[in-house]
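Inspection log for the structure reproduced underneath, given as structure tokens.
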Amino acid sequence: MSSKLSQEIDRRRTFGIISHPDAGKTTLTEKLLLFGGAIQMAGTVKSRKSDRHATSDWMAIEQQRGISVTSSVMKFIYRDREINLLDTPGHKDFSEDTYRVLTAVDSAMMVIDSAKGVEAQTEKLMEVCRMRNTPIITFINKLDREGMEPLDILSDIEDKLQIECVPLSWPIGMGKRFRGVYDRYHQQLHLFTPGKAMRGDEEGITITDLADSQLDELLGSQADELREELELLEGAASPLDRDQFLQGTQTPVFFGSAINNFGVRELLDAFIEMAPSPGPRQTVQREVQPQEEDFSGFVFKIQANMDPAHRDRIAFLRICSGTFTRGMKVRHHRIGKDISIPNATIFMAQDRAGVEEAFPGDIIGLHNHGTIKIGDTFTTKEPLQFTGIPNFAPEIFQKVVLRDPLRSKQLHKGLLQLSEEGAVQVFRPLMGNEIILGAVGVLQFDVTMARLKNEYNVEAIYQPAQYFTARWIGGEKKQLVEFEKKLRANLFHDAEDHLTYLAPNKWNLDYVMEQWPDIRFLKTREHG
Ligand code: G4P
14 MSSKLSQEID
24 RRRTFGIISH
34 PDAGKTTLTE
44 KLLLFGGAIQ
54 MAGTVKSRKS
64 DRHATSDWMA
74 IEQQRGISVT
84 SSVMKFIYRD
94 REINLLDTPG
104 HKDFSEDTYR
114 VLTAVDSAMM
124 VIDSAKGVEA
134 QTEKLMEVCR
144 MRNTPIITFI
154 NKLDREGMEP
164 LDILSDIEDK
174 LQIECVPLSW
184 PIGMGKRFRG
194 VYDRYHQQLH
204 LFTPGKAMRG
214 DEEGITITDL
224 ADSQLDELLG
234 SQADELREEL
244 ELLEGAASPL
254 DRDQFLQGTQ
264 TPVFFGSAIN
274 NFGVRELLDA
284 FIEMAPSPGP
294 RQTVQREVQP
304 QEEDFSGFVF
314 KIQANMDPAH
324 RDRIAFLRIC
334 SGTFTRGMKV
344 RHHRIGKDIS
354 IPNATIFMAQ
364 DRAGVEEAFP
374 GDIIGLHNHG
384 TIKIGDTFTT
394 KEPLQFTGIP
404 NFAPEIFQKV
414 VLRDPLRSKQ
424 LHKGLLQLSE
434 EGAVQVFRPL
444 MGNEIILGAV
454 GVLQFDVTMA
464 RLKNEYNVEA
474 IYQPAQYFTA
484 RWIGGEKKQL
494 VEFEKKLRAN
504 LFHDAEDHLT
514 YLAPNKWNLD
524 YVMEQWPDIR
534 FLKTREHG
């Protein structure tokens with residue numbers, strides 16, 4: 014094993030942020046990038062959101078809505094660690110990609126708005142993290158505003174997300190009375206000055222003995238409140254257990270205010286110390302260790318038309334083992350072809366730059382002319398297929414109706430391609446021939462329609478489809494035949510011909526599942 018490869022693996026941290034819209038993900042991202050020196054000015058991430066694709070034609074939708082369809086990978090270096098931050102699109106650009114990005118990370122940062130507690134999107138994203146036991150570090154944001162009591166926020170997280178909280182810092186007041194945080198881990202007090210943006214490198218005041226009168230001098234009457242709360246915590250909260258953190262059953266919690274850059278450095282310092290470097294990954298054949306010399310990786314996302322000058326598609330590949338070097342030949346196992354990769358792209362915070370070398374945990378972009386599908390594995394030689402990059406059950410549905418029936422062939426071709434790229438899911442009924450599209454975010458429908466028109470010259474419209482969710486069906490042949498016969502009206506084939514049940518409502522799904530105990534109703538389906 015080369016020691017350079019091991020060193021590069023040890024240095025890397027690849028993560029995503031999970032949060033509900035407006036909790037402060039963009040603000041926090043910006044501050045993290047500032048610490049990494051990846052951007053110079055505050056406001057950069059936000060403005061990038063709107064002008065990155067200003068010239069892209071099919072993405073006119075994006076401008077209309079003032080949001081970004083793309084999610085990107087931001088690389089920055091902090092204290093000699095190479096950090097890959099994979100953006101998890103939220104707001105209206107929430108899509109299946111958001112879920113799939115989480116299959117490519119080694120850890121996640123969870124941002125919670127202190128006034129709101131755990132919100133719906135965070136719960137959904139956490140479900141995906143749980144599939145791979147992804148370690149989570151939690152940041153409770155907006156302490157400069159009035160919010161829920163800190164202990165109530167922790168119970169809310171523990172109840173809704175089934176993960177034990179270990180507060181490593183503790184807030185002193187909130188809103189107008191917010192004075193800062195006490196870092197329980199390093200036994201340091203960090204004071205907050207309202208209205209003053211922090212540089213982020215302010216030193217804390219070491220207070221090892223809570224009886225220290227310095228605490229009273231600095232905090233006045235709030236000193237005793239802090240003492241009481243910390244004492245309560247000593248009795249109530251478990252100590253941090255690294256194994257439990259790595260298993261995703263315990264989360265270290267930090268408090269702060271992203272917009273004031275308060276508590277962010279402590280979060281980032283703890284993150285690089287605790288979060289794991291790239292670990293082993295499962296394939297159908299065997300477990301792959303990152304230190305193996307042979308290169309391997311999988312595609313978790315395909316982005317169309319990032320560069321409007323070339324109507325290209327970029328496949329995002331997560332490296333799982335070995336070293337990637339420019340021009341190297343790799344095998345695309347699904348289609349059994351060797352390809353050389355002369356101009357892979359590595360994603361930087363501001364720019365895309367040509368890659369000379371990349372290592373496990375890094376994400377590279379491969380140019381794709383329609384042959385790469387989500388979940389495809391590339392290696393230098395051994396035939397492997399990485400697992401754990403699934404389709405997720407859609408939550409919203411539309412019926413597609415063609416304007417010109419003579420373009421039906423093009424419609425099918427376009428939809429097959431778009432489903433292979435993970436843009437949308439396609440379901441064909443066992444009875445009749447209407448096509449149902451499924452997605453987890455509404456924007457996926459707009460993108461699909463725009464791309465059908467521009468790339469396949471297909472004019473279609475949507476009509477409402479009253480479905481609640483989809484489940485992929487599995488079971489013994491005999492039972493499946495019976496099931497198919499009885500429930501034909503709600504059964505479909507997806508783009509890869511897997512039998513899928515579309516339920517009109519939750520009640521119906523529960524009822525059918527109860528009636529058919531031997532049938533498997535799966536919320537995710539692996540590509541293959
Ligand atoms: P998101 O990416 O998770 O959707 O959240 P974003 O960072 O865009 O933040 C959502 C709103 O919350 C923004 O306000 C942002 O300024 C604010 N915010 C973020 N962190 C803090 C914090 O620590 N304290 C307080 N008080 N507010 C915070 P906005 O009014 O929607 O946008 P803007 O006009 O300020 O950009």
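Letter 225 of the sequence shown, counting from 1, is numbered 238 in the numbering used here, and no numbers are missing.
Just so you know, even glycine gets a beta-carbon here, dropped at the ideal spot from N, CA and C.
Please read these numbers as outputs of a predicted model, since none were measured by experiment.
Counting the other CB atoms within 10 Å of its CB gives Thr221 a total below 16, which places it among the exposed residues. The C-beta distance from Val301 to Cys333 rounds to 6 angstroms, short enough to fall under 8 angstroms. Taking one beta carbon from each stretch, the stretch 123-135 and the stretch 83-97 have fewer than 3 pairs nearer than 8 angstroms; the two do not touch. Annotation note: the stretch 360-439 contains the following uninterrupted alpha helix (DSSP H) runs of length 4 or greater, listed N- to C-terminal: 421-433. C-alpha of His104 to C-alpha of Ile31: approximately 12 angstroms in a straight line. Within its own chain, the residues whose Cβ lies closer than 6 angstroms to the Cβ of Thr390, once the five positions on either side in sequence are excluded, are Phe311, His346, Leu397, Gln398 and Phe399, listed in chain order.
Not one heavy atom of the ligand G4P falls within 8 angstroms of the beta-carbon of Asp106. Of all C-beta pairs linking the stretch 179-199 to the stretch 132-142, fewer than three are shorter than 8 angstroms, placing the two stretches out of contact. In this chain, Gly217 is not harboured by any beta strand (DSSP E), its DSSP state being neither H nor E. Pro148 is positioned such that its CB atom lies closer than 9 angstroms to that of Ser120. Secondary structure of Phe107 (DSSP, three-state): coil. According to the DSSP assignment, Leu99 belongs to the beta strand (DSSP E) that extends over Arg94 to Leu99.
By the CB criterion at 9 angstroms, Glu370 and Thr336 fall inside the cutoff. Counting of Cβ neighbours within 10 angstroms places Asp254 among the exposed residues, the total staying below 16.
With respect to the 9 angstroms criterion, Gln438 and Ala483 are classified as neighbours on the basis of their beta carbons. Proximity to Thr264 across Pro252, Ser270 and Pro291 peaks at Pro252, based on C-alpha coordinates.
Nearest neighbour of Glu159 by Cα position, chosen from Ile185, Gln430 and Met87, turns out to be Ile185.
Per DSSP, the beta bridge partners of Thr264 are Cys178. Exclusion of the five residues before and after Glu433 leaves Lys386 as the residues of its chain whose Cβ lies within less than 6 angstroms of its Cβ. Relative to the ligand G4P, the beta carbon of Gly130 is positioned no closer than 8 angstroms to any heavy atom.
Sorting Gln201, Val460 and Ser270 by C-alpha distance to the C-alpha of Asp106 places Val460 at the top. About 12 angstroms separates the beta carbons of Pro403 and Val453, which is beyond the 8 angstroms limit, so they are not a contact pair. Contact check for Ala473 and Met462: beta-carbon distance about 7 angstroms, within the 8 angstroms limit, so the pair qualifies. Boundaries of the alpha helix (DSSP H) around Lys137: Ala133 to Met144. A distance criterion of 8 angstroms places the beta-carbon of His33 in contact range of the ligand G4P, judged by its closest non-hydrogen atom. Going by C-alpha positions, Leu512 is about 27 angstroms away from Val471. Setting aside the 5 residues that flank it on each side, Leu456 is surrounded in the same chain by Val82, Lys105, Asp106 and Ser108, each with a C-beta closer than 7 angstroms to its C-beta; the list follows chain order.
Contact between Glu162 and His33 fails: their C-beta atoms lie close to 19 angstroms from each other, not under 8 angstroms. Distances from the alpha-carbon of Gly388 to those of Thr116, Phe28, Ala271 and Arg25 put Thr116 closest. Counting the other CB atoms within 10 Å of its CB gives Arg464 a total of 16 or more, which places it among the buried residues.
Cβ contact annotation for Glu495 (same chain, cutoff 8 angstroms, sequence separation greater than five): none.
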